[in-house]
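Numbering (this note's numbering), first residue to last: 71 to 257.
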Ligand SMILES: [Ca+2]
């Protein structure tokens with residue numbers, strides 16, 4: 071009986087883990103352009119922050135990807151990191167994806183995340199409120215500026231894994247940077 075219970079628990083955790091991945095808000099920090107090594111000092115509460123295991127050994131330590139479960143209600147999250155040297159790092163606001171059909175994992179279904187009121191402590195960020203559009207951010211894929219929705223003021227950014235919004239910030243050696251943001255799932 072005990073053995074059966076633990077197998078059932080493992081199966082439940084696996085299923086929960088898979089859907090958690092799919093509905094995550096995801097914010098990555100990329101220090102590979104200037105070779106800035108990044109150490110996570112606080113992971114998002116209830117979420118994760120990890121180095122990029124898909125990159126080579128040197129770049130792996132210059133990149134972190136974070137994930138935190140999103141729902142249809144606005145929630146706030148934050149995480150902190152410490153750069154090892156002065157330089158530029160890129161904040162990449164995105165979501166995840168899921169396969170459209172489990173039999174055909176090549177076809178991706180976007181997991182859209184709406185972000186608003188992004189603030190940065192320890193460095194300067196432009197237009198974290200998205201109230202006038204994408205000023206200060208660069209994009210690729212098809213992110214959308216949503217003019218009539220937002221957390222405190224109208225204007226928010228709708229992104230996913232292959233349609234993110236990016237902004238470069240200047241960081242200082244040993245100066246902790248905290249990124250806070252409001253987020254929710256969206257259609
Ligand atoms: Ca806004």
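Don't be surprised by glycine CBs; every beta carbon is placed ideally from N, CA and C. Owing to the predicted nature of the structure, the values given are computational and were not obtained by experimental measurement.
- Under the three-state reduction of DSSP output, residue 128 falls in the helix class.
- Within the DSSP secondary-structure output, residue 207 pairs in no beta bridge.
- Taking 8 Å as the cut-off, the Cβ atoms of residue 205 and residue 223 do not count as close.
- When the Cα atoms are used, residue 179 and residue 186 turn out to be separated by approximately 23 Å.
- For residue 179, the three-state secondary structure derived from DSSP is strand.
- Between ligand 1 and residue 135, a heavy atom-to-CB distance of less than 7 Å is absent.
- In this structure, DSSP gives residue 257 a state outside helix and strand, which the three-state scheme calls coil.
- Distance from the CA atom of residue 94 to the CA atom of residue 209, rounded to whole angstroms, is 20 Å.
- Judged by their CB atoms, residue 136 and residue 118 are nearer to each other than the 8 Å cut-off.
- The nearest non-hydrogen atom of ligand 1 is 7 Å or more from the C-beta of residue 140.
- Per DSSP, the beta-bridge partners of residue 146 are 252.
- The DSSP-derived three-state label of residue 237 is strand.
- Taken from the Cβ of residue 215, every heavy atom of ligand 1 lies 7 Å or farther away.
- Here residue 164 is not near residue 218, since their CB atoms are 8 Å or more apart.
- Judged by DSSP secondary structure, residue 94 falls within the beta strand (DSSP E) whose first and last residues are 94–100.
- The residue from 236, 226, 242 and 246 with its alpha-carbon nearest to that of residue 255 is 226.
- Beta-bridge pairing by DSSP links residue 153 to 108.
- Excluding the 5 residues flanking it on each side, residue 113 has same chain C-beta neighbours closer than 8 Å at 119, 136 and 149, in chain order.
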